[in-house]
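Inspection log for the structure reproduced underneath, given as structure tokens.
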Amino acid sequence: MSKADATIMAMVEAELEENPEATATELHEKAKTLSAGVRELSLRQFHARYPLQVKRRKARKRTGGRKGGAPGNRTRGRGRKGSKADSRDAVRKVFMDFATDLTARIASDGPHGAVKLLAQVDSYVDRAMDAGRTN
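Going by my numbering, the residue at position 48 of the sequence shown is 49; the numbering climbs one at a time, nothing skipped.
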């Protein structure tokens, strides 16, 4: 993350902490005063790169991470804790995180952003391996 990106991210975090109902448009306008690069971003790109990421991080901290996904996709009653189903769910969560991050990166940076994220795929593989082992 560049210094300008870090500055914008910190501003967005602070603004959302003060006013969780702040709109992307309001945040985008304020960010434009901090960095010329932000002026080139569409509102959609800005939202995907900054406010959305802040909100996702806060949600993970608040809930301890995402849970299972859609109601029909959950496995129920398939053994005790530490079972194959629990491992599967943990690995599935890592794949869903990757897909979500990839979608957000494409929305904010286009194909170039997808390539950047794919270059970091080893971190997702490591998380999936750990998830499969620990459960």
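Note that beta-carbon positions come from the ideal geometry of N, C-alpha and C, so glycine has one too.
Note that the coordinates shown come from a computational prediction; the quantities given were computed from them, not determined experimentally.
Where does the unbroken alpha helix (DSSP H) through residue i begin, and where does it stop?
{"i": "S88", "result": "K85 to D110"}
{"i": "L35", "result": "Counting along the chain, L35 falls outside any alpha helix (DSSP H), and DSSP gives it neither H nor E."}
With DSSP run on the structure shown, which of helix, strand or coil describes residue i?
{"i": "L42", "result": "coil"}
{"i": "Q1", "result": "Outside the displayed range of the chain (2 to 136) lies residue 1, so it cannot be described from this structure."}
{"i": "P52", "result": "helix"}
{"i": "T24", "result": "coil"}
Restricting to Cα atoms, I'd like to know which of the options is closest to residue i.
{"i": "T34", "options": "E22, M12, T24 and R50", "result": "M12"}
{"i": "E18", "options": "K85, G38 and K59", "result": "K59"}
{"i": "K56", "options": "M10, E41, V39 and F96", "result": "M10"}
{"i": "V116", "options": "R63, D102 and D6", "result": "D102"}
{"i": "N20", "options": "A86, D6, P52 and L118", "result": "P52"}
{"i": "D6", "options": "E22, G38 and P112", "result": "G38"}
{"i": "A129", "options": "R61, F99, A32 and E41", "result": "F99"}
I think residue i touches residue j, with their Cβ atoms under 8 Å apart; what is that distance to the nearest whole Å?
{"i": "E14", "j": "A23", "result": "In fact, because the Cβ distance is near 11 Å, the residues do not count as touching under 8 Å."}
Self-check item: the segment 104-117 in contact with the segment 40-55 per 3-pair CB rule at 8 Å
Solution: yes
Practice problem: Pair every Cβ in the segment 84-96 with every Cβ in the segment 21-35, then say whether three or more of these pairs are closer than 8 Å. | Solution: No: the two stretches stay apart, fewer than three of their Cβ pairs being nearer than 8 Å.
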